[in-house]
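Trainee:
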Ligand SMILES: [Zn+2]
Ligand SMILES: [Zn+2]
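In the numbering used here, the protein residues as written are 6 to 318.
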């Protein structure tokens, strides 16, 4: 018999780790730049060319990781039907004595990256979209160049890498789940086991704000269900995670859902929670907000001032 047969979860967990490591690389670059802009007083786009030139190698490594992530998620989806579909060699090429003694799955010749889409679309439903097929092929060729040659023309922008991770997450894992996947990854990294306060929520909202700036309106809608043209409100859940770390900033990550004048619900694209609200003018005369958190402090989710219960009823 074949032993150590991998499951969907084995492949998917590994694939998700690769995608997160690629995301780490790109977000470190984006957030470092944002910090430098604030601390060093970089005006507009004074130095970005040198900055991104120095980032070519880390970005190339991130591309290879994204490809690896997609490859493992394809293997996961195939394994869901049957992991044996991944053994593509003829029986005559199987390990010696595999019919006489238990042989580990890893001793068999496993399908090449370039054949995974064909295997997937032959056995699994639905077939993959043209978008993901083209993206996978582009990443696969780039990865081969990164590992086997030095191609100076090979360049991926930080935006392309982010879009690729989100595209893979949406189609090969589940639509609009990246923030949740990212949160559980951040909760599992080594530092979360040694720091008493591990700022998962605030790291996540900071990452998502910078990604939102980078992406166009269509991508923000597709990957996060966030409408860049719609009014933004403070998310009280994300605020409380910020306060644990004494961060004063109020993350504007929530929007009315549905977007109606009398809507009494907000949805935050970072914590993926619905927040009940009361539609009443804020008492702060300088604030035009009329969306009040239906919670203990009745905070205005525009200026974050508290209200007494009798002020909003
Ligand atoms: Zn939130
Ligand atoms: Zn207000």
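Cβ coordinates follow ideal geometry from the N, Cα and C atoms, glycine included.
These numbers come from a predicted model, not from an experiment.
Leaving out five residues on either side along the sequence, give the residues of the same chain with a beta carbon under 7 Å from the beta carbon of residue 216.
Mentor: Locating residue 216 in the chain shown gives position 211, counting from the first residue. These residues qualify, in order along the chain: 167.
Trainee: With a cut-off of 5 Å, give the chain-ordered residues whose Cβ is closer than this to any heavy atom of ligand 1.
Mentor: Counting every residue whose Cβ lies closer than 5 Å to a heavy atom of ligand 1, we get 240, 242, 243, 273, 275 and 276.
Trainee: Say yes only if the C-beta of residue 255 is nearer than 7 Å to one or more non-hydrogen atoms of ligand 2, and no if none qualify.
Mentor: Here residue 255 corresponds to residue number 250 of the chain shown, with the count starting at 1. No.
Trainee: Cβ of residue 300 within 7 Å of any heavy atom in ligand 2?
Mentor: Taking the chain shown and counting its residues from 1, the one referred to as residue 300 is at position 295. Checking the Cβ of residue 300 against ligand 2 gives no.
Trainee: Quick one: what's got a C-beta closer than 8 Å to residue 224's C-beta in the same chain, skipping five residues either side?
Mentor: Residue 224 sits at position 219 when you count from the first residue of the chain shown. Hits under 8 Å: 168 and 171.
Trainee: Would you report the Cα separation of residue 257 and residue 272, rounded to the nearest angstrom?
Mentor: Counting from one through the chain shown, the residue named residue 257 turns up at place 252. Counting from one through the chain shown, the residue named residue 272 turns up at place 267. Those two C-alpha atoms are separated by around 11 Å.
Trainee: Output the distance between the C-alpha atoms of residue 71 and residue 246, rounded to the nearest integer angstrom.
Mentor: Residue 71 sits at position 66 when you count from the first residue of the chain shown. Residue 246 sits at position 241 when you count from the first residue of the chain shown. If I take the Cα positions, the gap works out to 29 Å.
Trainee: Scan the segment 268-305 and note each continuous beta strand (DSSP E) run of 3 residues or more that stays entirely inside, going in chain order.
Mentor: Segments of the beta strand (DSSP E) lying fully in the segment 268-305: 270-273 and 279-283.
Trainee: Taking only the alpha-carbon atoms, compute the straight-line gap between residue 161 and residue 131 and give it to the nearest angstrom.
Mentor: For this step, residue 161 is matched to residue 156 along the chain shown. For this step, residue 131 is matched to residue 126 along the chain shown. Rounded to the nearest angstrom, the two C-alpha atoms are 29 Å apart.
Trainee: Report yes if the CB atom of residue 280 is closer than 8 Å to the CB atom of residue 259, and no otherwise.
Mentor: Along the chain shown, read from residue 1 onward, the residue named residue 280 stands at position 275. Along the chain shown, read from residue 1 onward, the residue named residue 259 stands at position 254. Yes; because the gap between Cβ atoms is below 8 Å, this pair is in contact.
Trainee: What is the DSSP secondary structure of residue 217, reduced to helix, strand or coil?
Mentor: Start at 1 with the first residue of the chain shown, and residue 217 comes out as number 212. Helix, per DSSP.
Trainee: Taking the alpha helix (DSSP H) that residue 260 belongs to, which residues open and close that run?
Mentor: Locating residue 260 in the chain shown gives position 255, counting from the first residue. No alpha helix (DSSP H) contains residue 260, which is instead part of the beta strand (DSSP E) from 259-261.
Trainee: What residue range is occupied by the uninterrupted alpha helix (DSSP H) comprising residue 58?
Mentor: For this step, residue 58 is matched to residue 53 along the chain shown. Element bounds for residue 58: 53-59.
Trainee: Please tell me whether, using a cut-off of 7 Å, the distance from the CB of residue 307 to the nearest non-hydrogen atom of ligand 2 is below it.
Mentor: Numbered from its first residue, the chain shown carries residue 307 at position 302. Correct: residue 307 has its Cβ closer than 7 Å to ligand 2.
Trainee: From the DSSP output, in three-state form, read off residue 93 for me.
Mentor: For the purposes of this step, residue 93 is taken as residue 88 along the chain shown, with counting starting at 1. Coil.
Trainee: Less than 8 Å separating the beta-carbons of residue 192 and residue 205?
Mentor: In the chain shown, counting from the first residue as 1, residue 192 sits at position 187. In the chain shown, counting from the first residue as 1, residue 205 sits at position 200. Yes, the pair counts as a contact, with Cβ atoms nearer than the cut-off.
Trainee: Using the three-state DSSP reduction, which class does residue 86 fall into: helix, strand or coil?
Mentor: Working through the chain shown from its first residue, we reach residue 86 at position 81. If DSSP states are grouped into helix, strand and coil, residue 86 belongs with the helices.
Trainee: Within its chain, find whatever has a CB closer than 8 Å to the CB of residue 129; leave out the 5 residues flanking it on each side and keep chain order.
Mentor: If you number the chain shown from 1, residue 129 lands on position 124. Closer than 8 Å at Cβ, skipping near neighbours: 82, 83, 85 and 86.
Trainee: Check whether the Cβ of residue 310 lies closer than 7 Å to any heavy atom of ligand 2, and answer yes or no.
Mentor: As a first step, residue 310 is located in the chain shown; it is residue number 305 there, counting from the start. At least one heavy atom of ligand 2 is nearer than 7 Å to the Cβ of residue 310, so yes.
Trainee: State the Cα-Cα distance for the pair residue 294 and residue 263, rounded to the nearest angstrom.
Mentor: Counting from one through the chain shown, the residue named residue 294 turns up at place 289. Counting from one through the chain shown, the residue named residue 263 turns up at place 258. Spanning the two alpha carbons is a distance of roughly 17 Å.
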